[in-house]
Amino acid sequence: MVTIEVNKRPLRAREGERLLAALRRAGLSVPTLCDVPALFPSGACRLCVVEVEGRRRLAPSCATPVEEGMKVMTHSPRAVRARQTIVELLLANHPDDCLYCFRNGACQLQRLAEDLGVRQRRYVGAKSDRKIDLAGPSIVRDPAKCILCGKCVRVCEEIQGVAAIDFHGRGSRTCIGTAFDESLNLSSCVGCGQCLMTCPTGALREQSHVKEVVGALDDPAKLVVVQLAPAVSVSLGEAFGLEPGTDVAGPLAAALRELGFARVFDGALGADLAAMEMAAEFVERITRGGPLPMLTSGSPGWVRFVEEFRPDFLENLSTCKSPQQMLGALIKTYFAQQAEVDPARIFSVAVMPCTAKKAEAERPEMGCGGRPDVDAVLTTRELARILRMRGVDLAALSPEPADEPFGERSTAGKLCGAAGGAAEAVMRSVHFLLTGKDLPNLRLQALRAPEGVKEARLRVGGRDFGVAVVSGLGGARRLLDEIRAGWRSLHFVEVATCPGGCVAGGGQPVGASAQAVRARAEALYGLDADEPIRTAHANGAVQRLYQDLLGKPLSARGRELLHTRYAKREVVI
Amino acid sequence: MTVADVDAVLRRHPAARRDALIPLLQEVQETRGYLSREAILQISRHLNLPAAKVYGVATFYSQFRFRPPGKFHVQVCRGTGCHVAGSARVLQAVVEGLGLRPGETSRDGLFSLEAVACLGACAQSPVVAVNGEFHAGMTPDSLSAVLDSCRAKACDDARAH
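Those protein sequence lines, which keep their order, are chains A and B. My numbering puts the first residue of the first sequence at 1, with every later residue one more than the last. My numbering puts the first residue of the second sequence at 1001, with every later residue one more than the last.
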């Protein structure tokens, strides 16, 4: 430990740590636009500059290690003036269309301009004439709003290992783009949306489906139904001022009916069904001898990653569709038949914490006769926007249940909203399939992985399984390398595209703290601790589906509706 | 530029790693005077680097071109000496005269334009090099005459065939 002096007060800091980290721990607010705490500092934005006694120049606190006896002024007039100037310069060529910007109110640049009291246009620069890239199925890029902080580039390369984008050009012509400056659509982008979660401005956003959904709700010829992903109910409340981790499933069902959705289905039932099919597929692979390890296929960014970067593992991917697409297929077949509705009249909406799900719903095989199984995918953010637009106050609504036939769920399906949850859900059912009994303690704490890789050995009916969970594609890529090299003996691997799983997905409210994301996962674990139905095979709705329609897991009808295939994708990588 | 051209270069550097990126880009560009899309992809695969990164590095340096050079490659010096002697006007004239921006090649393949930092002939400023041949003390008018003679030469060559 070293002692430094900050704003004339002593402060204890860890030896060699970054000054910014020490300041933050002490609760001092120093702004930054380019800092990604998990990554090496880039020192690009200079907003975190502070005055250090004895140094001629202002020091960027993100890239300055603490030193014994260092005397720091975080808000000296000179430091504050420098920050003001930086923001004014960033605004010089900014489009300034805040009132029309989808990030209005959630933009860090806007916030800083306000905090620093920028009231005058002292610098006028030429506005960017770069075109918006609208062609991607998941992500929209507006380079004119980009301030070149580089966080998206670093997250894409260093955390996700995709590197679809980088800096191009030099000096005032610098911009961020894909190889050959083509659309994201043609790049190796997997649509995870971690870039837009880290973007401080409105330069990156999701491909919005709000218009399509609102249009369908207004169309009397359509029967609009909605499924909600497991992570959505524990995240959406934050957009309405509720504590992170508040489960709003009940009020949300009421709110969605108020908006005009004819049926509200619980997407966790899709996750239960996926867990059943995946468990059966796993048992089949174990019995037949492979290919192993089986890799989960519920996270569409990851599926796309394997298709692009590691086609040598395509055989290992589970053939199960994602929960969204399983439920989507059932809505336009089983539900349509039960409700006696022409499937062409059904407009099926999925609310997901995810941007990659938008691209998944557009995959040609995810439909029937040219009609997609899922017509529109809203992110958690987009749903919040629609609710606000319609003046729905979540906190004021009494809870209502979800609709039959997809209204019941187990907590296993709900767990799939956090990294490790799918492995836990599948292993609970694998144990039941192999032994006819439930795991003594259903909880698999060793697999609950907020981030990084977790591994556990499970003993099921005399067999020993290696189960791993990894979240974040960079870590997943390293794990695949280790598997290929023979360093790991694994039978089942759950991969979540986003670090921490769906609760930290690219479709979630922007600007949430790490604690808030953690609270969402804890809320899911809380449900699992409190409720009685904790396995996919105990879910009554799932049992009825197998009785009425599917027969048993991996049946011919099931393979047709609930399973899919993959192919190598030729993209610029 | 063909795939084989680039392969020939890459074969000379079988153990190249990411620190060899710029020399490799230069060597590949020397074979045909520019970096094609396929060449960039081949280099990125060879070095196991993302294509977006290789493209990013290549676009950072003005020495790299992404379109085939014209029959006449016009380099306008924008170094300090030439700037003081009026090279900005010379460049502006050629941009307007040829309808090209620096880095571009005309659609008929006759001219390509490049603005360079310094050609090292400051005593003869403003300097313009056409296919490596220096023209001293250029003005918009005298450069226009040089370009006309290029056009005439291209016509003669066409007739000779």
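Beta carbons: idealized from backbone N, C-alpha and C, even for Gly. Note that this is a predicted model, so its numbers are computed, not measured.
Of the listed residues the options, nearest to residue i (C-alpha basis)
i	options	result
Arg83(A)	Thr74(A), Leu47(A), Arg55(A), Glu53(A)	Leu47(A)
Ala1093(B)	Val1028(B), Asp1019(B), Ala1145(B), Arg1067(B)	Ala1145(B)
Tyr1055(B)	Gln108(A), His537(A), Asp166(A), Gln120(A)	Asp166(A)
Gly171(A)	Cys1155(B), Thr1002(B), Phe1060(B)	Phe1060(B)
Ala350(A)	Leu228(A), Leu314(A), Ala395(A)	Leu228(A)
Ala423(A)	Gly407(A), Leu397(A), Arg457(A)	Arg457(A)
Glu400(A)	Leu89(A), Arg154(A), Ala249(A)	Ala249(A)
Pro509(A)	Asp530(A), Leu196(A), Ala221(A)	Leu196(A)
Ser128(A)	Leu116(A), Val140(A), Cys146(A), Val118(A)	Cys146(A)
Leu1119(B)	Ala1088(B), Gly1086(B), Val1076(B), Cys1150(B)	Val1076(B)
Cys1082(B)	Leu1021(B), Val1127(B), Arg1011(B), Ala1160(B)	Val1127(B)
Gly506(A)	Asp312(A), Val140(A), Arg9(A)	Val140(A)
Thr1031(B)	Asp1005(B), Asp1157(B), Asp1141(B), Arg1037(B)	Asp1005(B)
Val493(A)	Val470(A), Val232(A), Trp487(A), Ala512(A)	Val470(A)
Val375(A)	Ser208(A), Ala26(A), Gly161(A)	What sits at residue 375(A) in the sequence shown is Asp, not Val. Of the listed residues, the one whose Cα sits closest to Asp375(A) is Ser208(A).
Val224(A)	Leu204(A), Ser233(A), Val214(A)	Val214(A)
Gly420(A)	His431(A), Glu455(A), Thr435(A), Thr535(A)	Glu455(A)
Gly367(A)	Ala339(A), Ala239(A), His563(A)	His563(A)
Cys98(A)	Arg81(A), Asp218(A), Gln110(A), Met1(A)	Gln110(A)
Val49(A)	Cys62(A), Ala38(A), Ser42(A)	Cys62(A)
Leu554(A)	Ala274(A), Leu434(A), Val234(A)	Ala274(A)
Asn104(A)	Pro293(A), Leu91(A), Arg9(A), Thr201(A)	Thr201(A)
Val495(A)	Ser322(A), Val36(A), Leu259(A)	Ser322(A)
Val124(A)	Ala164(A), Val87(A), Asp115(A)	Val87(A)
Ser1106(B)	Arg1017(B), Lys1071(B), Arg1012(B)	Lys1071(B)
Between the CA atoms of residue j and residue i - distance to the nearest angstrom
i	j	result
Leu112(A)	Asp481(A)	42 angstroms
Glu281(A)	Arg257(A)	36 angstroms
Glu451(A)	Val426(A)	19 angstroms
Thr1139(B)	Leu186(A)	45 angstroms
Cys199(A)	His168(A)	18 angstroms
Lys979(B)	His1135(B)	Chain B is shown from 1001 up to 1161; residue 979(B) falls before or after that span and cannot be answered.
Lys21(A)	Ala106(A)	For the sequence presented, residue 21(A) should be read as Ala rather than Lys. Cα-Cα distance, rounded: 23 angstroms.
Ile483(A)	Phe465(A)	15 angstroms
Leu1041(B)	Val571(A)	11 angstroms
Ile331(A)	Leu490(A)	35 angstroms
Thr1080(B)	Ala1121(B)	11 angstroms
Val1028(B)	Leu1047(B)	14 angstroms
Ser138(A)	Met70(A)	47 angstroms
Arg569(A)	Glu360(A)	14 angstroms
Gly558(A)	Leu317(A)	17 angstroms
Glu243(A)	Leu1035(B)	54 angstroms
Leu269(A)	Arg1037(B)	47 angstroms
Glu17(A)	Pro41(A)	12 angstroms
Ala541(A)	Arg263(A)	16 angstroms
Gly511(A)	Ala504(A)	11 angstroms
Start-to-end residues for the beta strand (DSSP E) that takes in residue i
i	result
Cys1077(B)	1072–1077
Gln1026(B)	Unbroken run through Gln1026(B) is the alpha helix (DSSP H), 1021–1032; no beta strand (DSSP E).
Leu1110(B)	Note, Leu1110(B): premise wrong, no beta strand (DSSP E); not H, not E.
Met73(A)	71–73
Thr178(A)	175–178
Glu5(A)	2–6
Pro10(A)	9–13
His1135(B)	1133–1135
Ala1129(B)	1128–1130
Boundaries (first-last residue) of the alpha helix (DSSP H) holding residue i
i	result
Ile286(A)	267–288
Arg83(A)	77–92
Phe305(A)	300–309
Leu415(A)	411–415
Residue i Cβ short of 7 angstroms to the ligand HEM heavy atom set
i	result
Ala516(A)	Ligands displayed in this structure: none; no statement on the ligand HEM is therefore possible.
> What are the complete alpha helix (DSSP H) segments, minimum 4 residues, inside the segment 500–534 of chain A?
Replying inline: Unbroken alpha helix (DSSP H) runs of no fewer than 4 residues, entirely contained in the segment 500–534 of chain A, are found at 514–530, following chain order.
> the segment 1027–1054 of chain B: which residues have C-beta closer than 9 angstroms to a C-beta of chain A, in chain order?
Replying inline: Of all residues in the segment 1027–1054 of chain B, the ones placed with a Cβ closer than 9 angstroms to any Cβ belonging to chain A are Arg1037, Ile1040, Leu1041, Ser1044, Arg1045, Leu1049, Pro1050, Ala1051, Ala1052, Lys1053, Val1054, in chain order.
>> To test your reading of the DSSP string, which unbroken beta strand (DSSP E) runs of 3 or more residues are found completely within the segment 348–383 of chain A?
In response: Complete beta strand (DSSP E) runs here, min 3: 376–379.
>> Counting only Cβ-Cβ distances shorter than 7 angstroms, please list the residues of the segment 1057–1084 of chain B near chain A, keeping chain order.
In response: For the segment 1057–1084 of chain B, the beta-carbon criterion of a distance under 7 angstroms to any beta-carbon of chain A is satisfied by Thr1059, Phe1060.
>> Quick check for students: name the residue ranges of the beta strand (DSSP E) that lie wholly in the segment 418–500 of chain A, counting only runs of 3 or more.
In response: Secondary structure within the segment 418–500 of chain A: the beta strand (DSSP E) runs of 3 or more consecutive residues, fully enclosed, are 452–460, 463–471, 492–496 (chain order).
> Got a sec: which bits of the segment 57–75 of chain A sit with their beta carbon under 9 angstroms from any beta carbon on chain B, in order along the chain?
Replying inline: From the segment 57–75 of chain A, no residue has a Cβ closer than 9 angstroms to chain B.
>> At a CB distance below 7 angstroms, what residues from the segment 166–184 of chain A approach chain B? Give them in sequence order.
In response: When C-beta distances to chain B are compared with 7 angstroms, the residues of the segment 166–184 of chain A below that value are Asp166, Phe167, His168, Gly169, Arg170, Thr178, Ala179, Phe180, in chain order.
> What residues from the segment 143–169 of chain A come within 9 angstroms of chain B, judged by C-beta to C-beta, listed N to C?
Replying inline: Here the close residues are Val153, Cys156, Glu157, Val162, Ala163, Ala164, Ile165, Asp166, Phe167, His168, Gly169.
> Hey, which unbroken runs of the alpha helix (DSSP H) at 4 residues or more fall wholly within the segment 184–260 of chain A?
Replying inline: Entirely contained in the segment 184–260 of chain A, the alpha helix (DSSP H) runs reaching 4 residues are, in chain order, 194–198, 210–217, 249–259.
> Considering only residues of the segment 91–174 of chain A, which uninterrupted alpha helix (DSSP H) runs meet the minimum length of 4 residues and lie entirely inside it, listed in chain order?
Replying inline: If one requires a minimum length of 4 residues, the alpha helix (DSSP H) runs lying completely within the segment 91–174 of chain A are 108–115, 151–154, in chain order.
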